[in-house]
Each structure stands twice: as C-alpha cells, then as structure tokens.
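Chemist:
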Amino acid sequence: PVLVGDTHAVGTTRLFAVFWVVSNTIVGAFLEGGTPEQVAVLPIFASERPRIINTKKLKKASLEALLADPHMLTPPRLGVGEFLAELDADEVLLAFRKVHPDSKG
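Under this note's numbering, the residues of the sequence shown are numbered 1 to 105, in order.
1. By the DSSP assignment, the alpha helix (DSSP H) with L66 in it spans what residues?
2. Does the distance from the C-beta atom of A17 to that of E32 stay below 9 Å?
3. Considering only C-alpha positions, which residue in the set R51, P76, E91, A85 is nearest to A66?
4. Quick check: what's the CA-CA separation for H100 versus G34?
5. Can you tell me whether E32 is helix, strand or coil according to DSSP?
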C-alpha cells in the first residue's frame, strides 16, 4: 500500500488515501475525509487501473490533483529507443550519489 496525503492534519478534516499498487498499476484505493465528489472518483481506480511511473511519484503526488485526474501519473507511450527521463532534481541527485557516493554535488 502507498499512502498519499496528510494523516496528521490539525484543525481540519484529515484527507488521505491509500492506494494498492501491483506492477506499477493502481488496483485499489481507500479515501479518508474526502468530499462526495472525491469519493465518486474511487471506482475509476479500481475499474480503469491507471498505470503509474513509479510508487515514489505516487507518494509525492498531490492527493487533490490525483483525485481530479486519476491518470496524471500514467507514463507516456514511448517509441523504440526512447526512454522516460527523470526530471526531478532530487531523484537525479539520489541516482548520482548511488553511482558516485563520495561526491559532494
């Protein structure tokens, strides 16, 4: 399960969701504190099973944006020889440090 949202909200209704992911595909969802409109979106996750780039992107996603567009993290179709470049600076730095652990940058 992947948790998205804030479970520790103070003074407001907590809004968070748990998504079940199998092979980078959302197969189920649970929502706490959502509006009736947001709850109505949940069956889309179960029936359409949107693909996601990876679970790290899902964890970092805005829950409101994800409920507005369940397919927002679906990777684009790629042609032969194409690849999905990572554009998140933190992820690029993390990958660089795995290859060059002594680097400061």
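Using N, Cα and C, we set each Cβ at its ideal position, and we do this for glycine too.
Nothing here was measured: the structure is a model prediction, and the numbers come from that model.
Modeler: With the structure as the only source:
1. 63-68
2. yes
3. Before going further, note that residue 66 is Leu rather than Ala in the sequence given. Per the Cα distances, R51.
4. 43 Å
5. strand
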